[in-house]
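A.B. asks: Residue numbering for the sequence shown follows the working numbering, beginning at 1344 and increasing consecutively.
Every residue, glycine too, gets a C-beta built ideally from N, C-alpha and C.
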Amino acid sequence: ERSRETSCPSIHLQVSIRRQHTDDDHYSDRLLGMHAIKERPIAVDGEVVIRPMMYLALTYDHRLVDGEQSVKFLVRLKDLLEDPARLMLEI
């Protein structure tokens, strides 16, 4: 049986999900959930406005991945998704 502690680092991506689930056949040290983009009310400068929003969820195995690196990854991903032109400029 493969040991989780010695597995190669990987990211398991789930897109447009409502519930996250993992199964042991597809174990990874990080699980990134990207939900569907939907219009939602948010507050901007004291006003309620409708904006496109997407929930991102990142879970990770603290035994294999440093929390600070995981948060930096999630913040960077958010920044790139909010400004897709930056993706093209950095290729």
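Pull up the distance between the alpha-carbon of residue 1417 and that of residue 1430, whole angstroms please.
C.D. replies: Rounded to the nearest angstrom, the two C-alpha atoms are 15 Å apart.
A.B. asks: Determine whether the beta carbon atoms of residue 1403 and residue 1378 lie at a separation below 7 Å.
C.D. replies: Their beta carbons are not under 7 Å apart, which means residue 1403 does not touch residue 1378 by this criterion.
A.B. asks: What's the C-alpha gap between residue 1406 and residue 1393?
C.D. replies: Rounded to whole angstroms, residue 1406 to residue 1393 spans 40 Å at the Cα level.
A.B. asks: On the three-state DSSP scale, how would you describe residue 1410?
C.D. replies: Residue 1410: helix per DSSP, three-state reduction.
A.B. asks: At the level of alpha carbons, what is the spacing between residue 1420 and residue 1432?
C.D. replies: When rounded, the distance between both Cα atoms is 15 Å.
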